[in-house]
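Before any comments, here is the structure.
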């Protein structure tokens, strides 16, 4: 049981480039989320999904796209990278139980946009 | 809307001394509260959570927190810290049925030998 995995661990992009951050979980969790972590700002929700085929925006969705074609995978796409997107990105998942339960976080992807 | 305030961005503490990390929240409805820990270069790990019931909750690594509804606080405590507790600690809040977990800005705990 690998939990939540994220690839790559590190990435450097030039302004305007596009890329996809990968996130996968093997716990059959319905809910998955993407957060970004910036110094002094904690974690902010980018997008989330409550199940395959269902996604919604979080607090800071601009510049990012997501899709959820399977329960296991929840990729985050940067369409045209900007220096403001330099951050550490965390993916999280949890089961859709009747009350809030533990979110399981991946190890993170450190992205630098030059 | 819900929000979380962690007033202390950094807390230095001598080894084996007690520590309290403060967390205050605001919400118009009942909330669920969490403390997460992030060790250097790692992801977040759940320390403890309050969903309902006893207001004193115990977590891993000897940490505990007390939910105080009248003061809208959820402070984290440990009676005796160790070097291995050096990390960043995040308080977070959500409400039932809401996927939007709102995090505080974090408190960096530094243990002084």
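Residue numbers (my numbering), protein chains in the order written: chain U, -6 to 107; chain F, 3 to 115.
We put the beta carbon where it would ideally sit given N, CA and C, even for glycine.
Please read all numbers here as calculations on a predicted model, not as lab measurements.
Interface criterion not met: the Cβ of residue 9 (chain U) is under 9 Å from no Cβ in chain F. When the alpha-carbon of residue 22 (chain F) is set against those of F:75, F:104, F:102, the nearest one is in F:75.
Non-local beta-carbon contacts of residue 61 (chain F) in its own chain, meaning distances under 6 Å to residues more than five positions away in sequence, involve 49, 50 in chain order.
Shortest Cα-Cα distance from residue 70 (chain F) to any of F:87, F:24, F:86, F:82 involves F:24. Sequence-distant partners of residue 53 (chain F) (beyond 5 residues in either direction) whose C-beta falls short of 6 Å from its own C-beta, in its chain, are 34. With its beta carbon at least 9 Å from every one in chain F, residue 57 (chain U) lies outside the interface. Exclusion of the five residues before and after residue 15 (chain F) leaves 21, 83, 111, 112, 113, 114 as the residues of its chain whose Cβ lies within less than 8 Å of its Cβ. Secondary-structure assignment with DSSP links residue 52 (chain F) through a beta bridge to F:35.
The C-beta of residue 7 (chain U) has fewer than 16 other C-beta atoms within 10 Å across all chains shown, which makes the residue exposed.
If only complete runs of 3 or more residues are kept, the stretch 33 to 75 of chain U shows the beta strand (DSSP E) at 35 to 44, 47 to 50, 57 to 59, 69 to 71, in order along the chain. A Cβ-Cβ separation of about 7 Å places residue 2 (chain U) in contact with residue 103 (chain U) under the 8 Å criterion. Between residue 26 (chain U) and chain F, the shortest Cβ-Cβ separation is below 9 Å. By the rule that beta-carbons nearer than 9 Å mark a contact, residue 18 (chain U) does not touch chain F. Pairing residue 32 (chain F) with residue 98 (chain F) gives a Cβ-Cβ distance under 9 Å. Annotation: Cβ neighbours of residue 100 (chain U) in chain F (cutoff 7 Å, chain order): 44, 45. With 16 or more other CB atoms across the displayed protein chains lying within 10 angstroms of its CB, residue -3 (chain U) is buried.
With contacts defined as CB atoms closer than 9 Å, residue 77 (chain U) and residue 56 (chain U) qualify as a contacting pair. U:17 is the residue among U:5, U:4, U:17 whose C-alpha sits nearest the C-alpha of residue 62 (chain U).
Around the Cβ of residue 74 (chain U), a 10 Å sphere holds 16 or more other Cβ atoms; the residue is buried. If you draw a straight line from the Cα of residue 70 (chain U) to the Cα of residue 102 (chain F), it comes to about 20 Å.
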